[in-house]
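Student:
There are 2 protein chains.
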Amino acid sequence: MKAAIVGGGVIGGGWAARFLLYGWDVAVFDPSPKIGSQLEAILTNAGRSLPALADVPMPPRGKLSLVASIEDAVAGADWVQESVPEDLAIKHKVIAEIEAHAPARAILGSSTSGFKPSQLQEGAQEPGRILVAHPFNPVYLLPLVEIVAGAGGDVAARDAACDMLRSIGMAPLIVRQEIDAHIADRFLEAVWREALWLVKDDVATTEEIDDAIRYGFGLRWAQMGMFETYRLAGGEEGMAHFIRQFGPCLSWPWTKLMDVPELDEELVDKIASQSDAQSGQYSIRELEAIRDRNLVGILRTLKERNWGAGKLLNESDARLAERARSPAGTGDADAAPLRLLESTVLPAWIDYNGHMTEFRYVQVFSDSSEVLFRRVGMHDEYVESGFSYYTAETHNQFYDEVGADEPYYTTVQVLLADPKRLHVFFRMHAAADDRLLATLEAMYLHVEMASGKVVAAADAATEKLMALAELHAALEKPASAGRFVGQR
Amino acid sequence: MKAAIVGGGVIGGGWAARFLLYGWDVAVFDPSPKIGSQLEAILTNAGRSLPALADVPMPPRGKLSLVASIEDAVAGADWVQESVPEDLAIKHKVIAEIEAHAPARAILGSSTSGFKPSQLQEGAQEPGRILVAHPFNPVYLLPLVEIVAGAGGDVAARDAACDMLRSIGMAPLIVRQEIDAHIADRFLEAVWREALWLVKDDVATTEEIDDAIRYGFGLRWAQMGMFETYRLAGGEEGMAHFIRQFGPCLSWPWTKLMDVPELDEELVDKIASQSDAQSGQYSIRELEAIRDRNLVGILRTLKERNWGAGKLLNESDARLAERARSPAGTGDADAAPLRLLESTVLPAWIDYNGHMTEFRYVQVFSDSSEVLFRRVGMHDEYVESGFSYYTAETHNQFYDEVGADEPYYTTVQVLLADPKRLHVFFRMHAAADDRLLATLEAMYLHVEMASGKVVAAADAATEKLMALAELHAALEKPASAGRFVGQR
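Taken in sequence, the protein lines are chains E and V. For the first sequence, numbering that gives the first Met the number 0 assigns the number 487 to the last residue and increments by one with no breaks. For the second sequence, numbering that gives the first Met the number 0 assigns the number 487 to the last residue and increments by one with no breaks.
(1) I want to see whether chain E comes within less than 8 Å of THR461 of chain V, judged by CB atoms only; does it?
(2) Identify which residue in E:PRO134, E:GLY75, E:HIS133 and E:SER117 has its Cα closest to the Cα of GLY127 of chain E.
(3) If you run the structure through DSSP and keep just helix, strand and coil, what is GLU462 of chain E?
(4) Chain E partners of PRO142 of chain V, CB-CB under 7 Å?
(5) What is the rounded straight-line gap between the Cα of ALA460 of chain V and the Cα of ALA160 of chain V?
(6) Hey, out of E:GLN222, E:PHE386, E:PRO477 and E:GLY234, whose CA is closest to VAL453 of chain E's CA?
(7) Given that MET223 of chain E touches chain V, what residues does it touch there, using C-beta distances under 9 Å?
(8) At least one CB of chain C closer than 8 Å to the CB of ASP458 of chain V: is that the case?
(9) At what residue ranges does the stretch 189-240 of chain V contain a whole run of the alpha helix (DSSP H), taking only runs of 4 or more?
(10) Around the Cβ of ALA189 of chain E, are there at least 16 other Cβ atoms within 10 angstroms (buried) or fewer (exposed)?
(11) In the stretch 384-398 of chain E, which residues sit with their C-beta less than 9 Å from some C-beta in chain V, listed in chain order?
(12) Could you tell me which of E:LYS463, E:SER272 and E:GLY353 sits nearest to ASP404 of chain E, measuring between CA atoms?
(13) Over the uninterrupted alpha helix (DSSP H) stretch that includes ALA62 of chain E, give me the two end residues.
(14) Could you tell me which chain E residues have their CB closer than 8 Å to the CB of ILE41 of chain V, listed as they occur along the chain?
(15) Just to confirm, is the Cβ distance from PHE28 of chain E to GLY61 of chain E under 8 Å?
(16) According to DSSP, which residues form a beta bridge with LEU435 of chain E?
(17) Among residues of its own chain, excluding the 5 on either side of ALA221 of chain E, which ones have a beta-carbon nearer than 7 Å to its beta-carbon?
(18) With a floor of 4 residues, list each alpha helix (DSSP H) that falls wholly inside the stretch 336-387 of chain E, ordered by position along the chain.
(19) If the criterion is Cβ atoms closer than 8 Å, does the pair GLY6 of chain E and SER68 of chain E meet it?
(20) Buried or exposed for ALA456 of chain V, going by 16 or more other Cβ atoms inside 10 Å?
(21) According to DSSP, is ARG299 of chain E part of a helix, a strand, or is it coil?
(22) Measure from the C-beta of TRP348 of chain E to each C-beta in chain V and report whether the shortest distance is under 8 Å.
(23) Rounded to whole angstroms, how far is the Cβ of SER112 of chain E from the Cβ of GLU70 of chain E, which I believe are closer than 8 Å?
(24) Does the stretch 21-35 of chain E come close enough to the stretch 372-383 of chain E to have 3 or more Cβ pairs within less than 8 Å?
(25) For HIS422 of chain V, which residues does DSSP report across the bridge?
(26) How big is the Cα-Cα spacing for VAL147 of chain V and PHE216 of chain E?
(27) In the DSSP assignment, find the unbroken beta strand (DSSP E) run with SER109 of chain E in it and report its ends.
(28) Check the Cβ of ASN44 of chain E against every Cβ in chain V and list those closer than 7 Å, keeping chain order.
(29) Look up ILE129 of chain E in the DSSP assignment and say whether it is helix, strand or coil.
(30) Is there a Cβ from chain E that is less than 8 Å from the Cβ of VAL484 of chain V?
(31) Measuring straight from C-alpha to C-alpha, what distance separates VAL413 of chain E and PHE424 of chain E?
(32) At what residues does the beta strand (DSSP E) containing GLN80 of chain V begin and finish?
(33) What are the boundary residues of the beta strand (DSSP E) that includes ALA3 of chain V?
(34) For THR410 of chain E, which beta-bridge partners are listed by DSSP?
(35) Is it true that the stretch 123-141 of chain V meets the stretch 90-109 of chain V, where meeting means three or more beta-carbon pairs spaced less than 8 Å apart?
(36) Give the single residue among V:PHE114, V:MET163, V:MET223 and V:GLN280 whose Cα lies nearest to the Cα of ARG230 of chain E.
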């Protein structure tokens with residue numbers, strides 16, 4: 000798949016990064032002489048944050064090209080995204096040029112935060128495929144994209160667009176009725192107006208306003224929106240009760256929103272200098288890195304809880320895994336340790352020291368044991384029938400370091416197998432040079448889950464495991480098998 | 000210290016829980032016959048979430064009493080918090096009764112979200128100590144509290160109030176100029192008005208609006224506010240540049256904020272039924288538990304990054320540790336294994352068998368080791384200075400099962416500590432019945448990261464670890480320490 004990015008600023012560059020990291024080829028057109036270094040900075044940020052959200056391998060990165068014209072950018076594109084300045088005349092000119100050269104099948108998305116699709120579609124040859132696809136900065140991390148097709152939009156094109164956006168990990172929100180500023184920016188605009196008044200009137204500084212947001216309702220809104228939050232405030236008496244209680248406040252004179260503060264030099268200077276005092280100790284690059292690290296952490300937290308934006312990530316993983324098919328490993332019948340997993344180290348496994356986190360090694364071995372059990376015929380149905388191997392104890396040794404994205408493989412040597420017990424020795428190696436990274440010695444007991452009792456495993460599985468044990472008896476016993484912690 | 004809580008609903012109950020968990024005695028007065036069960040539900044939620052934010056022991060819980068009058072509640076109180084309905088006449092009546100019986104030193108905080116302190120202070124005997132102390136639901140988790148003293152407020156009382164609030168883990172934001180709805184609620188009100196219009200006009204449902212928030216700017220606002228976020232959008236050209244670019248939008252007809260929708264039955268019903276469709280599959284209790292688990296995770300994520308609300312938590316830990324005052328910050332010098340983590344099993348940790356996945360146990364022990372290292376003074380700065388403990392080997396034993404949401408705690412027994420080596424034995428227990436779930440014996444080596452060489456750790460940390468080893472030498476050696484896999 001190929002995406003054409005017209006306008007490569009913060010938003011266009013964010014789109015480019017997201018498409019690339021999901022395996023699309025990307026061509027960028029932007030007349031700015033700084034476009035190369037700008038894109039590089041965005042791609043660096045994106046490359047160290049977006050892949051850290053996945054728990055399955057991402058597809059290989061697409062190819063990026065910087066091109067000299069819109070014509071070159073849109074050639075062969077499946078998706079064209081315009082992120083040029085918010086000026087309708089400029090947008091019309093750019094859209095006309097895109098239409099002149101883009102393939103008939105291509106979707107034309109606009110990043111506009113304010114214009115309605117009917118305004119963008121004016122005078123177009125094929126207006127139905129021109130959609131608002133409004134993302135949020137940083138585009139490579141935040142899933143939301145507002146999709147507005149308007150009355151002149153083509154429903155099939157809109158739905159195809161949503162599928163493509165989901166395939167690059169986004170959450171398309173279809174805005175059924177076109178409206179200035181779509182949905183989210185109406186809220187942002189409302190808060191922004193109010194904030195300007197508070198700064199102008201010296202009620203609060205930019206930093207105090209930011210604290211009022213991020214120490215309070217901002218935390219709530221990262222996981223539930225406004226209505227679900229207020230549903231909770233209403234308690235068991237329900238949402239209608241809450242609204243009736245809260246409703247009267249609406250008519251109180253609590254806001255200056257009816258009026259717009261004049262953005263004169265004085266107010267601009269005031270905001271800029273307060274912002275310097277608040278955040279000036281960080282460069283923009285540093286702030287971006289901090290923001291991305293925070294967002295990755297928050298998103299991964301929600302992912303573990305399978306909630307909100309984190310639920311979307313799990314759904315995205317499932318789609319990626321289906322595409323990739325889980326690595327089944329090779330495995331031959333020679334007296335060599337049996338190969339199990341082949342995969343790459345995920346960015347999220349690397350801790351703040353730059354090392355792979357301890358429990359991620361165990362995760363690799365745990366996934367390897369799943370492969371071993373499936374290899375001897377113990378699939379999910381076996382477990383569903385009420386039997387499973389439980390881990391009784393394990394011994395881990397850590398030998399060498401490994402970096403993000405490094406390919407690795409694991410092997411198993413079966414030391415002992417009988418109907419009730421399985422004693423194995425796993426090794427994790429770097430694929431590039433076969434160096435040993437870590438080992439896990441493990442004892443499993445075969446358990447009837449309902450009673451918790453150790454019982455004999457199915458004959459077929461036991462036979463396969465015993466055959467492996469017999470084969471592996473010819474191998475040298477691992478030097479550290481039977482080792483205990485602290486032994487010299 | 001004693002807090003009197005007048006009005007024990009969602010907000011008053013949240014205050015009670017926060018004070019109790021930080022060791023204050025709390026007396027609650029609320030005429031509702033359901034007050035006992037309401038408080039119990041809030042305390043259950045709070046008890047399983049607030050302590051999960053601390054990495055040092057919380058003080059012993061205070062004593063809760065339900066009393067029959069305001070007079071009984073405020074007797075001997077250091078802080079009186081009123082959270083009665085938003086009706087000025089009721090507030091004046093309650094404040095007069097509090098003033099008649101509260102000690103002279105007591106601070107009188109009001110949870111009002113809209114009234115100005117000058118309105119509350121009208122006709123009071125001692126108006127200077129009456130402050131707005133406006134918290135955010137859930138009060139026991141969100142740090143923000145807006146403090147407004149107004150022109151009639153006493154500055155010394157206000158500052159003493161802020162100190163007390165910090166000691167219970169809150170972030171007082173002093174609003175220097177009194178204003179209707181203080182600061183945060185002006186923003187919430189602005190968004191609420193806009194949201195009501197969108198629902199009324201069928202542009203979006205409650206669920207779509209919530210998604211527009213939590214998949215986009217809500218994630219941003221959990222960690223940076225509006226101005227710091229826009230600073231990033233302005234890029235290297237700075238905040239003034241951004242405002243000048245964004246400014247013109249203010250005069251666009253992008254909002255219906257100038258007008259207030261009538262909250263008639265039809266609109267109330269529409270919102271309530273959309274909210275049922277969105278969230279009705281969960282009870283309020285379930286939603287509260289989900290919200291709290293999410294907030295704990297987000298807050299802990301920010302804590303690991305020492306940013307925003309997470310930075311406040313680290314500051315709170317430092318205050319608690321200073322109060323607890325022992326070599327390792329334990330609070331007691333008994334020869335008992337040192338308590339490290341207290342938290343609950345996350346739903347994502349449970350595998351398809353219904354069991355906690357093997358590597359998640361190791362994750363718990365890994366997190367526990369982080370707490371241990373921080374406890375002896377090895378914070379991020381220590382690692383950034385180029386030194387760290389590396390795990391050489393571990394031995395895991397799995398004893399018992401544990402389900403999602405079950406509270407657990409971990410302990411460590413230090414078996415050996417010298418400048419280069421640390422040999423420890425971790426235990427994970429279910430909090431409900433103290434049953435042993437798993438153990439991890441681990442050997443760490445102190446490494447200079449650049450060279451990869453084993454070197455002596457900083458004296459201060461070594462001394463603390465050796466003191467623990469000496470203390471723990473009095474404990475029985477764990478029966479399975481030194482055990483190897485498969486041994487009988």
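Idealized CB from N, CA, C, for every residue including glycine. Remember, it's a predicted structure, so these values are computed and weren't measured experimentally.
Tutor: According to the data block:
(1) The sequence position of residue 461 of chain V within the second sequence is 462, counting from 1. False, the Cβ-Cβ gap to chain E never drops below 8 Å.
(2) Here the question's residue 127 of chain E lines up with position 128 in the first sequence. Comparing Cα positions, the closest option is E:SER117.
(3) Position 463 of the first sequence, counted from the first residue, corresponds to residue 462 of chain E. If DSSP states are grouped into helix, strand and coil, GLU462 of chain E belongs with the helices.
(4) Start at 1 with the first residue of the second sequence, and residue 142 of chain V comes out as number 143. Result: TYR214.
(5) Within the second sequence, the letter at position 461 stands for residue 460 of chain V. Within the second sequence, the letter at position 161 stands for residue 160 of chain V. Rounded to whole angstroms, ALA460 of chain V to ALA160 of chain V spans 36 Å at the Cα level.
(6) Within the first sequence, residue 453 of chain E is the residue found at index 454, counting from 1. Out of E:GLN222, E:PHE386, E:PRO477 and E:GLY234, E:PHE386 has the C-alpha closest to the C-alpha of VAL453 of chain E.
(7) By 1-based counting over the first sequence, the position of residue 223 of chain E is 224. Residues of chain V passing the Cβ test: ASP209, ILE212, ARG213, GLY217, SER278, LEU286, ILE289, ARG290 and ASN293.
(8) Annotation note: the requested chain C is absent from the structure, which comprises protein chains E and V.
(9) 205-211, 217-220 and 225-233
(10) Indexing the first sequence from 1 puts residue 189 of chain E at position 190. By the neighbour-count rule (16 or more Cβ atoms within 10 Å), ALA189 of chain E is buried.
(11) SER387, TYR389, THR390, ALA391, GLU392, THR393, HIS394, ASN395, GLN396 and PHE397
(12) In the first sequence, the residue the question calls residue 404 of chain E occupies position 405. Looking at the Cα atoms, E:GLY353 is the closest of the given residues.
(13) Working through the first sequence from its first residue, we reach residue 62 of chain E at position 63. A small correction: the amino acid at residue 62 of chain E is Lys; Ala does not occupy that position in the sequence shown. Here LYS62 of chain E belongs to no alpha helix (DSSP H), and DSSP marks it neither H nor E.
(14) In the second sequence, the residue the question calls residue 41 of chain V occupies position 42. Here the premise fails: no neighbours, minimum Cβ distance about 10 Å.
(15) Numbered from 1 along the first sequence, position 29 holds the residue referred to as residue 28 of chain E. Numbered from 1 along the first sequence, position 62 holds the residue referred to as residue 61 of chain E. Cβ atoms of PHE28 of chain E and GLY61 of chain E: not closer than 8 Å.
(16) Numbered from its first residue, the first sequence carries residue 435 of chain E at position 436. According to DSSP, which records beta bridges pairwise, LEU435 of chain E is partnered with E:HIS428.
(17) Position 222 of the first sequence holds residue 221 of chain E. If we look at ALA221 of chain E and ignore the five residues flanking it on each side, its Cβ neighbours are ILE297.
(18) 357-374 and 379-383
(19) Locating residue 6 of chain E in the first sequence gives position 7, where the first residue counts as 1. Locating residue 68 of chain E in the first sequence gives position 69, where the first residue counts as 1. In this structure, SER68 of chain E does not lie closer than 8 Å to GLY6 of chain E by Cβ.
(20) In the second sequence, residue 456 of chain V corresponds to position 457, counting from 1. With 16 or more other Cβ atoms within 10 Å, it is buried.
(21) Here the question's residue 299 of chain E lines up with position 300 in the first sequence. DSSP places ARG299 of chain E in helix when its eight states are reduced to three.
(22) Taking the first residue of the first sequence as 1, we reach residue 348 of chain E at position 349. No, TRP348 of chain E does not count as interfacial toward chain V.
(23) Within the first sequence, the letter at position 113 stands for residue 112 of chain E. Within the first sequence, the letter at position 71 stands for residue 70 of chain E. Wrong, their Cβ atoms sit about 27 Å apart, outside the cutoff.
(24) no
(25) In the second sequence, counting from the first residue as 1, residue 422 of chain V sits at position 423. DSSP lists V:LEU415 and V:MET442 as partners of HIS422 of chain V.
(26) The sequence position of residue 147 of chain V within the second sequence is 148, counting from 1. The sequence position of residue 216 of chain E within the first sequence is 217, counting from 1. Roughly 19 Å between the two C-alpha positions.
(27) Position 110 of the first sequence, counted from the first residue, corresponds to residue 109 of chain E. Per DSSP, SER109 of chain E belongs to the beta strand (DSSP E) from 106-109.
(28) Here residue 44 of chain E refers to the residue found at position 45 of the first sequence. In chain order: nothing, as chain V lies at least about 11 Å away.
(29) By 1-based counting over the first sequence, the position of residue 129 of chain E is 130. If DSSP states are grouped into helix, strand and coil, ILE129 of chain E belongs with the strands.
(30) Translated into positions along the second sequence, residue 484 of chain V becomes position 485. Answer yes: the Cβ-Cβ gap between VAL484 of chain V and chain E drops below 8 Å somewhere.
(31) For the purposes of this step, residue 413 of chain E is taken as residue 414 along the first sequence, with counting starting at 1. For the purposes of this step, residue 424 of chain E is taken as residue 425 along the first sequence, with counting starting at 1. The alpha-carbon atoms of VAL413 of chain E and PHE424 of chain E are separated by roughly 6 Å.
(32) Start at 1 with the first residue of the second sequence, and residue 80 of chain V comes out as number 81. Segment 78-81, the beta strand (DSSP E) holding GLN80 of chain V.
(33) Counting from 1 along the second sequence, the entry for residue 3 of chain V is found at position 4. Here the beta strand (DSSP E) through ALA3 of chain V covers 1-5.
(34) Translated into the one-based positions of the first sequence, residue 410 of chain E becomes position 411. In the DSSP output, where bridge partners are listed per residue, THR410 of chain E has E:ARG338 and E:ARG426.
(35) yes
(36) Here residue 230 of chain E refers to the residue found at position 231 of the first sequence. Per the Cα distances, V:GLN280.
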